[in-house]
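4 protein chains.
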Amino acid sequence: MIVILKENAAVQAVQSLVDNFKSIGFDVHISQGSTHTILGLIGDTGKLDIDQIKMLEWVDDVKRIQEPFKNANRKFHPQDTVIKVKDAVIGGGSMTVIAGPCSVESEEQIITVARSVKASGAKLLRGGAFKPRTSPYAFQGLRDEGIRLLLEAKKDTGLPIVTEIMDLSQLELFNDVDVIQVGARNMQNFELLKQLGHTNKPILLKRGLANTYQELLMSAEYIMAFGNENVILCERGVRTFETYTRNTLDISAVPALKILSHLPVIVDPSHAAGMAKFVAPLSLSAVAAGADGLIIEVHNNPACAKCDGMQSLTMPDFDTLMKKINIMKEAQVACNSL
Amino acid sequence: MIVILKENAAVQAVQSLVDNFKSIGFDVHISQGSTHTILGLIGDTGKLDIDQIKMLEWVDDVKRIQEPFKNANRKFHPQDTVIKVKDAVIGGGSMTVIAGPCSVESEEQIITVARSVKASGAKLLRGGAFKPRTSPYAFQGLRDEGIRLLLEAKKDTGLPIVTEIMDLSQLELFNDVDVIQVGARNMQNFELLKQLGHTNKPILLKRGLANTYQELLMSAEYIMAFGNENVILCERGVRTFETYTRNTLDISAVPALKILSHLPVIVDPSHAAGMAKFVAPLSLSAVAAGADGLIIEVHNNPACAKCDGMQSLTMPDFDTLMKKINIMKEAQVACNSL
Amino acid sequence: MIVILKENAAVQAVQSLVDNFKSIGFDVHISQGSTHTILGLIGDTGKLDIDQIKMLEWVDDVKRIQEPFKNANRKFHPQDTVIKVKDAVIGGGSMTVIAGPCSVESEEQIITVARSVKASGAKLLRGGAFKPRTSPYAFQGLRDEGIRLLLEAKKDTGLPIVTEIMDLSQLELFNDVDVIQVGARNMQNFELLKQLGHTNKPILLKRGLANTYQELLMSAEYIMAFGNENVILCERGVRTFETYTRNTLDISAVPALKILSHLPVIVDPSHAAGMAKFVAPLSLSAVAAGADGLIIEVHNNPACAKCDGMQSLTMPDFDTLMKKINIMKEAQVACNSL
Amino acid sequence: MIVILKENAAVQAVQSLVDNFKSIGFDVHISQGSTHTILGLIGDTGKLDIDQIKMLEWVDDVKRIQEPFKNANRKFHPQDTVIKVKDAVIGGGSMTVIAGPCSVESEEQIITVARSVKASGAKLLRGGAFKPRTSPYAFQGLRDEGIRLLLEAKKDTGLPIVTEIMDLSQLELFNDVDVIQVGARNMQNFELLKQLGHTNKPILLKRGLANTYQELLMSAEYIMAFGNENVILCERGVRTFETYTRNTLDISAVPALKILSHLPVIVDPSHAAGMAKFVAPLSLSAVAAGADGLIIEVHNNPACAKCDGMQSLTMPDFDTLMKKINIMKEAQVACNSL
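Residue numbers (our numbering), protein chains in the order written: chain A, 77 to 414; chain B, 77 to 414; chain C, 77 to 414; chain D, 77 to 414.
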């Protein structure tokens with residue numbers, strides 16, 4: 077950590093700061109510049125609060141050299157983390173597809189979709205039981221009953237299931253859920269993250285609407301710091317000034333997160349654009365960019381879906397897309413070997 | 077609600093859509109344009125799901141005429157809502173100042189600050205017990221003990237208290253809290269909003285980092301739809317590309333929210349900029365723009381604050397700012413009377 | 077165009093508006109809703125100023141049904157535009173790579189790079205002569221001399237050249253340039269666009285830092301309305317809150333622009349991320365998403381480049397990338413045929 | 077400037093970098109941290125290209141200590157710059173109002189408005205002759221004739237005039253214009269800025285849609301570096317995800333730019349929100365925040381304005397607003413004296 081002092085800081089002031097930092101366990105190197113004195117703190121600065129140091133008298137600015145996340149950091153864990161969910165693996169160059177309806181609507185619907193996406197090659201089933209909706213007047217999901225129906229579909233098809241938790245109080249309903257999803261709006265629901273850190277379930281953590289890579293990794297860190305290292309990062313589009321698409325898919329998040337972290341990175345092309353016709357090109361671009369998986373909305377009858385029908389693929393369209401994904405993944409592997 | 081059909085929709089297709097809408101209780105007016113047929117739906121369209129209608133065959137686009145929020149809408153409630161918290165009132169042209177430290181750190185600290193801000197003219201005391209922090213390694217607040225100390229300060233000074241809830245499970249600790257704050261990161265924690273709708277406490281609802289006015293009002297609608305009409309809206313800066321300030325205060329939110337809604341609107345200048353030296357100019361601009369109140373961070377020793385010291389005012393600086401706020405409020409009232 | 081009147085507009089007011097619109101040549105359909113009267117204007121509304129209509133008494137809101145761009149609109153020109161530049165073609169499913177240094181630095185440099193990128197498979201040579209730099213103290217390009225050196229490289233290799241114009245006064249220097257680039261910062265330099273509309277040169281038009289698809293297409297429309305239909309659209313990343321990458325590549329722009337317009341769409345992965353290590357994954361994702369080409373920065377010695385060295389590939393790295401692009405393009409074609 | 081080396085940089089590599097920096101005239105201090113070696117460069121680093129240094133082998137990151145702008149920097153010019161335009165002064169705590177129509181439409185119109193705004197207290201007259209319009213089909217301004225009419229209005233009223241230049245080729249028409257405006261879309265039209273640096277006219281430089289304070293100041297630096305120190309900075313709203321207002325007024329720009337620079341800062345409330353009803357609250361908030369002036373659109377008949385009528389005030393509304401501005405300015409001065 078580098079501490080830049082204000083211009084003309086007096087010798088005594090500098091010495092007092094240096095003593096201060098030494099007293100809490102850091103080595104300090106002093107550089108005297110033409111206008112500013114700069115202190116380099118040596119030691120474990122990860123737990124220092126950068127804002128508090130900025131407040132100290134004579135301090136002009138503070139710059140971190142090391143990232144503030146540790147467990148999620150590739151520097152301390154160079155190998156890719158690979159997460160196993162029953163027969164599925166996510167990470168380490170996988171292309172694992174999670175598919176299913178936005179929300180669970182009936183036993184017939186979820187089983188129909190589950191069988192279909194399994195036949196097409198999906199390895200996990202997604203489906204919303206608890207639905208975060210902007211309007212209190214919109215369909216809020218089947219809730220407990222939705223979880224029960226997902227478990228039926230799991231029993232029927234053998235596909236492990238992924239579904240979203242919206243509040244801590246729902247946690248006990250997730251005992252037989254295979255992967256717990258934390259939605260974009262809850263990415264910084266820190267109480268929830270802490271409790272998920274006490275489980276041993278894989279957590280699919282979606283990036284918030286306006287959160288940076290570092291903030292996403294700090295939220296992963298919350299889960300990991302409490303003991304659960306099974307975190308799957310998910311890019312699902314961020315909010316920008318462009319309104320033609322629902323969100324703006326930040327495809328650079330794939331290589332960026334893989335540089336910064338060892339955790340698997342998947343992409344949600346359905347929420348990214350919000351329109352079914354964008355799902356194929358965005359899925360293929362994510363495969364090409366090196367994503368470890370995709371989470372895709374598929375519905376047996378999108379026009380009648382209780383939510384997000386606009387962005388859901390039909391089952392035949394998903395089947396075609398899976399064929400394209402396979403072609404593209406092969407090309408991506410071939411590229412990687414060059 | 078206006079439903080725009082695709083070019084060249086056949087007569088039969090149009091008729092079938094019209095029948096469909098009539099069967100669910102709407103009157104439909106048909107306009108035949110040069111390229112598109114347009115349907116006007118007449119009736120209570122507030123509960124229709126715009127995305128679902130977009131999915132219907134032959135539908136090209138759907139545009140809402142009415143806002144999707146009702147309880148929070150000024151159209152149906154022209155008078156300003158005024159919220160009373162003990163002796164304080166918020167709304168209807170008030171300039172009510174809420175002040176206190178970012179986080180409660182000790183009994184001595186909170187009582188010192190409480191007495192001081194009361195003497196300067198603050199009408200409510202703020203203080204964080206549960207702290208949402210980006211890093212799991214940062215100070216997370218005194219939690220239960222923090223609430224207890226706030227209640228001590230309330231007993232000592234008579235100031236009603238405002239503090240943030242981070243999770244539903246904390247709710248019973250808030251029995252004697254006067255105003256419950258929902259932070260920016262929880263603005264779309266819908267399960268929390270619903271439960272707060274079942275209380276009768278005033279809720280201070282902060283705008284999310286990247287949420288629109290309409291989304292903020294839809295979150296207020298969640299609380300109001302479940303029975304609690306005491307919602308105070310708070311603009312605290314949004315996230316943009318500018319990094320010099322911590323967030324970008326959207327001062328237009330004040331007149332915009334007051335046009336759209338009857339709820340009180342306050343401004344948080346401390347979080348908006350993230351630097352103490354911006355608190356005075358931003359506070360004064362909020363007064364001039366017509367805000368009903370301000371929530372300001374004040375600390376007895378900002379350089380040693382356990383969080384957000386950079387943006388906290390000292391007690392003497394807050395005292396001076398209150399004098400300025402009073403001058404400015406008087407000018408704003410004089411302007412209003414022209 | 078749909079004109080929504082204020083609640084309770086009197087019959088006479090409605091009639092007066094209708095007469096008004098009829099007098100300027102529109103047919104008008106009236107829909108009487110439960111709260112609002114809505115007028116549908118039928119005729120060529122492309123030249124109506126939406127803001128002016130919003131100003132009319134009793135008008136509450138105005139919504140366009142048709143896009144405001146015509147020449148660039150795929151609706152009126154369903155086939156892909158294919159632009160020929162000597163032996164190269166851009167558009168219609170091509171994967172044409174433009175490569176070269178950020179700025180032309182010397183005859184040796186530009187010829188070395190030109191020969192190398194040609195050997196690797198690039199079809200056009202890029203190189204900056206006039207350089208838009210944030211700082212007046214940074215290298216501003218070799219200017220006239222830079223153009224001369226590019227023409228030398230063209231003579232040597234036969235590659236057509238692409239270079240950026242920064243001001244109308246430079247136009248005569250571009251006589252022998254094959255493709256004129258308009259940079260992101262000049263996307264709405266309307267005087268420049270108009271004059272380029274009077275040339276017959278292909279124009280490579282980069283999307284501005286914070287411009288929507290529609291604004292990009294309106295800028296293309298400026299060029300096309302004045303007679304030049306040879307416009308190549310270029311996505312190069314937009315500005316968001318994320319600062320890890322220099323810009324945020326909006327990969328959805330590729331399918332979106334191809335839906336909205338018949339013009340070719342290429343991607344600039346070098347400026348999008350600003351770091352060499354992102355160029356390969358972003359290039360491949362653009363190929364997978366269906367881009368018609370790429371424009372990539374390549375330098376014989378990136379560490380000594382006079383600008384943007386951080387985002388330039390070495391010549392060997394570009395050679396490897398071209399092999400990957402070819403593999404990926406083959407996969408994309410195979411996917412398309414499904 | 078601080079240069080952070082990669083982990084485990086070899087002693088020889090470090091020495092070679094140090095020699096390299098010394099050879100180009102810098103003193104270098106070396107700090108050996110636990111994981112990284114850090115070099116502090118001492119000397120005039122303002123002209124170093126930060127990106128080029130990042131490219132050097134073994135360099136991990138580079139951080140600037142000093143701002144890259146000099147002429148515009150308050151550190152080297154602590155007193156406020158005050159710009160005189162005939163009898164008007166802008167800067168140093170002034171509240172100078174520039175008013176007039178978005179575009180000049182006729183002699184009668186511009187003279188009517190000019191006389192009216194002068195009577196209400198405006199000190200300069202604005203009016204667009206060259207109009208940057210998103211659509212090539214929209215009114216583009218009266219151009220040369222518009223300038224002529226502005227000069228008539230100046231002769232009639234004595235008010236100095238402010239009007240926008242869109243291209244260098246128009247410069248000779250601006251001989252008798254008092255203040256040349258550079259619009260948001262041209263903020264980084266560097267060729268234009270350079271030439272304006274060779275004039276001695278005050279330049280009103282508007283912040284771009286998505287440009288940072290530092291970029292605005294670097295554009296001012298372009299003008300100043302070429303000899304013209306008369307630059308007026310103008311905040312006019314930035315582009316965000318919020319679409320209710322046309323742009324998002326960044327009120328913090330006022331105190332921020334005044335901390336960073338000695339140049340006058342004015343605010344454009346008309347373009348910021350794009351709606352007439354927001355002009356008064358935003359104007360008052362700008363006064364309260366300490367702006368040196370305002371530029372406000374006023375029209376004799378907003379409903380018939382050829383552009384931007386929605387955001388134009390009527391002449392009586394402007395007259396009332398001026399009274400409010402005077403009240404608010406008095407309050408702001410009183411606050412400042414505390």
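Glycine included, every Cβ here is placed at the ideal spot set by N, Cα and C.
*asked:* For L117 (chain D), list the residues DSSP reports as bridge partners.
replied: Walking along the fourth sequence from the start, residue 117 (chain D) turns up at place 41. D:V104.
*Report the residue from C:I372, C:N377, C:M398, C:A407 whose alpha carbon sits nearest the alpha carbon of G176 (chain C).*
Within the third sequence, residue 176 (chain C) is the residue found at index 100, counting from 1. Per the Cα distances, C:I372.
*I256 (chain D) classed as buried or exposed, judged by whether at least 16 other C-beta atoms fall within 10 angstroms*: What you label residue 256 (chain D) is simply residue 180 of the fourth sequence in a count that begins at 1. The residue is buried, with at least 16 neighbouring Cβ atoms inside 10 Å.
*Taking Y298 (chain C) as the query, report the chain D residues whose CB atoms sit under 7 Å from its CB, ordered along the chain.*
Residue 298 (chain C) sits at position 222 when you count from the first residue of the third sequence. Residues of chain D passing the Cβ test: P212.
*Hey, how far is the Cα of S211 (chain B) from the Cα of I118 (chain C)?*
Locating residue 211 (chain B) in the second sequence gives position 135, where the first residue counts as 1. Locating residue 118 (chain C) in the third sequence gives position 42, where the first residue counts as 1. One Cα belongs to S211 (chain B), the other to I118 (chain C), and the distance between them is close to 57 Å.
_Runs of 3 residues minimum, wholly inside the segment 189-230 of chain B: which ones carry the beta strand (DSSP E) assignment?_
Those beta strand (DSSP E) runs which fall completely within the segment 189-230 of chain B and span 3+ residues are 200-202.
_Range covered by the beta strand (DSSP E) that runs through C178 (chain C)_ = For the purposes of this step, residue 178 (chain C) is taken as residue 102 along the third sequence, with counting starting at 1. Where C178 (chain C) is concerned, there is no enclosing beta strand (DSSP E), given that its DSSP letter is neither H nor E.
_Selection of the segment 133-146 of chain C by Cβ proximity to chain B, strictly under 9 Å_ = The segment 133-146 of chain C vs chain B, Cβ under 9 Å: D136, D137, K139, I141, Q142.
*Between N304 (chain D) and chain C, is there a C-beta pair that is closer than 8 Å?*
Along the fourth sequence, one-based indexing puts residue 304 (chain D) at 228. No, N304 (chain D) lies away from the interface with chain C (no Cβ there is under 8 Å from its Cβ).
*Exposed unless 16 or more other CB atoms sit within 10 angstroms - verdict on A349 (chain A)*: Translated into the one-based positions of the first sequence, residue 349 (chain A) becomes position 273. With a threshold of 16 other beta carbon atoms within 10 Å, A349 (chain A) meets it and is buried.
*Reference M386 (chain B); option with closest CA among A:P345, A:T239, A:D136*: By 1-based counting over the second sequence, the position of residue 386 (chain B) is 310. Looking from the CA of M386 (chain B), the closest CA among A:P345, A:T239, A:D136 belongs to A:D136.
_Rounded Cβ spacing between I237 (chain B) and L281 (chain B) (contact assumed at less than 8 Å)_ = The residue labelled residue 237 (chain B) in the question sits at position 161 within the second sequence. The residue labelled residue 281 (chain B) in the question sits at position 205 within the second sequence. With 8 Å as the limit, I237 (chain B) and L281 (chain B) do not qualify as a contact, their Cβ atoms being about 17 Å apart.
_Contacts around K139 (chain A), its chain only, beta-carbon distance under 8 Å, and the 5 residues preceding and following it disregarded_ = Within the first sequence, the letter at position 63 stands for residue 139 (chain A). Listed in chain order, the non-local C-beta contacts of K139 (chain A) below 8 Å within the same chain comprise M77, I78, I80, local neighbours out to five positions each way being set aside.
_Pairwise C-alpha distance: D393 (chain C) and G478 (chain D)_ = Nothing can be reported for residue 478 (chain D), as the shown portion of chain D is limited to 77 through 414.
*Mind pulling the chain C residues with CB within less than 8 Å of L244 (chain D)?*
Taking the fourth sequence and counting its residues from 1, one reaches residue 244 (chain D) at position 168. Result: D243, L244, S245.
*For G303 (chain D), count neighbouring C-beta atoms within 10 Å of its own C-beta (all shown protein chains included) and say buried if the count is 16 or more, exposed if not.*
If you number the fourth sequence from 1, residue 303 (chain D) lands on position 227. When all chains shown are included, G303 (chain D) counts as exposed.
*asked:* Applying the 10 Å Cβ sphere with the 16-neighbour rule, what's the burial state of T172 (chain A)?
replied: Translated into the one-based positions of the first sequence, residue 172 (chain A) becomes position 96. Label assigned to T172 (chain A): buried.
*Measure how close the beta-carbons of H347 (chain A) and G369 (chain A) come, nearest whole angstrom, since I'm counting them as under 8 Å.*
Taking the first sequence and counting its residues from 1, the one referred to as residue 347 (chain A) is at position 271. Taking the first sequence and counting its residues from 1, the one referred to as residue 369 (chain A) is at position 293. About 15 Å; that fails the 8 Å criterion.
*How far does the beta strand (DSSP E) with E267 (chain C) in it reach, from first residue to last?*
Residue 267 (chain C) sits at position 191 when you count from the first residue of the third sequence. Element bounds for E267 (chain C): not the beta strand (DSSP E) but the alpha helix (DSSP H), 266-273.
*Since Y289 (chain C) and Y289 (chain A) are thought to touch, with beta carbons under 8 Å apart, how far apart are those beta carbons, to the nearest angstrom?*
Your numbering for residue 289 (chain C) matches position 213 in the third sequence. Your numbering for residue 289 (chain A) matches position 213 in the first sequence. The beta-carbon distance between Y289 (chain C) and Y289 (chain A), rounded to whole angstroms, is 25 Å. This is too long to meet the 8 Å contact definition.
*Going by the CB atoms, is the gap between G197 (chain B) and S179 (chain B) shorter than 8 Å?*
For the purposes of this step, residue 179 (chain B) is identified with residue 103 of the second sequence, where counting begins at 1. For the purposes of this step, residue 197 (chain B) is identified with residue 121 of the second sequence, where counting begins at 1. Contact: no.
*Residues of chain D with a CB under 7 Å from the CB of C411 (chain B): which are they?*
Position 335 of the second sequence holds residue 411 (chain B). Neighbours of C411 (chain B) on chain D, chain order: L360, K400, I403, M404.
*Just the chain B side, please: which residues come within less than 7 Å of A164 (chain D) by C-beta, in chain order?*
Taking the fourth sequence and counting its residues from 1, the one referred to as residue 164 (chain D) is at position 88. Close to A164 (chain D), with beta-carbon spacing below 7 Å, lies no residue of chain B; the smallest spacing is near 23 Å.
*Pick from A:P331, A:I166, A:S361, A:L269: whose alpha carbon is nearest that of P345 (chain A)?*
On the first sequence, residue 345 (chain A) is found 269 positions in, with the first residue counted as 1. Residue A:S361 is the option with its Cα nearest to P345 (chain A).
*Applying a beta-carbon distance threshold of less than 8 Å, which residues of chain B neighbour T324 (chain D)?*
The residue labelled residue 324 (chain D) in the question sits at position 248 within the fourth sequence. Within chain B, the residues whose beta carbon sits less than 8 Å from that of T324 (chain D) are V314, T316, T324, D326, S328, listed in sequence order.
*With contact counted as at least three CB pairs below 8 Å, one residue from each stretch, are the segment 240-249 of chain A and the segment 262-271 of chain A in contact?*
Yes: at least three Cβ pairs fall under 8 Å.
*Around the Cβ of E248 (chain A), are there at least 16 other Cβ atoms within 10 angstroms (buried) or fewer (exposed)?*
Sequence index remark: in the first sequence, residue 248 (chain A) carries index 172 (1-based). The C-beta of E248 (chain A) has fewer than 16 other C-beta atoms within 10 Å across all chains shown, which makes the residue exposed.
*Excluding five sequence neighbours on each side, which residues of the same chain lie with their C-beta closer than 6 Å to the C-beta of H338 (chain D)?*
What you label residue 338 (chain D) is simply residue 262 of the fourth sequence in a count that begins at 1. These residues qualify, in order along the chain: R150, H153, D156, T157.
*asked:* Is K194 (chain C) a contact residue of the ligand NAD, with contact defined as CB to any heavy atom under 7 Å?
replied: This structure lacks the ligand NAD, and indeed carries no ligand of any kind.
*With distances taken Cα to Cα, identify the nearest neighbour of T396 (chain C) among C:V374, C:D254, C:K130.*
Numbered from 1 along the third sequence, position 320 holds the residue referred to as residue 396 (chain C). Nearest of C:V374, C:D254, C:K130 to T396 (chain C), Cα basis: C:V374.
*Have a look at L414 (chain C) and K400 (chain A) and give me their C-alpha separation to the nearest angstrom.*
As a first step, residue 414 (chain C) is located in the third sequence; it is residue number 338 there, counting from the start. As a first step, residue 400 (chain A) is located in the first sequence; it is residue number 324 there, counting from the start. Cα to Cα, L414 (chain C) sits roughly 8 Å from K400 (chain A).
*Cβ shell of Q264 (chain C) (< 8 Å), same chain only, five flanking positions each side left out*: In the third sequence, residue 264 (chain C) corresponds to position 188, counting from 1. Same-chain partners within the cutoff: G284, N287, E291, S295.
*Give the residues from the segment 381-401 of chain A that approach chain C closer than 7 Å (Cβ to any Cβ), ordered along the chain.*
Of all residues in the segment 381-401 of chain A, the ones placed with a Cβ closer than 7 Å to any Cβ belonging to chain C are T396, K399, K400, in chain order.
*If we cut at 8 Å on Cβ distances, does I80 (chain A) have a partner in chain D?*
Your numbering for residue 80 (chain A) matches position 4 in the first sequence. At a cut-off of 8 Å between beta carbons, I80 (chain A) contacts chain D.
_Exposed unless 16 or more other CB atoms sit within 10 angstroms - verdict on E297 (chain C)_ = For the purposes of this step, residue 297 (chain C) is taken as the residue at position 221 of the third sequence. It counts as buried.
*Please check if any C-beta of chain C sits within less than 8 Å of the C-beta of T288 (chain A).*
Within the first sequence, numbered from 1, the residue matching residue 288 (chain A) stands at position 212. Contact with chain C is found for T288 (chain A), since one of that chain's Cβ atoms lies less than 8 Å from the residue's Cβ.
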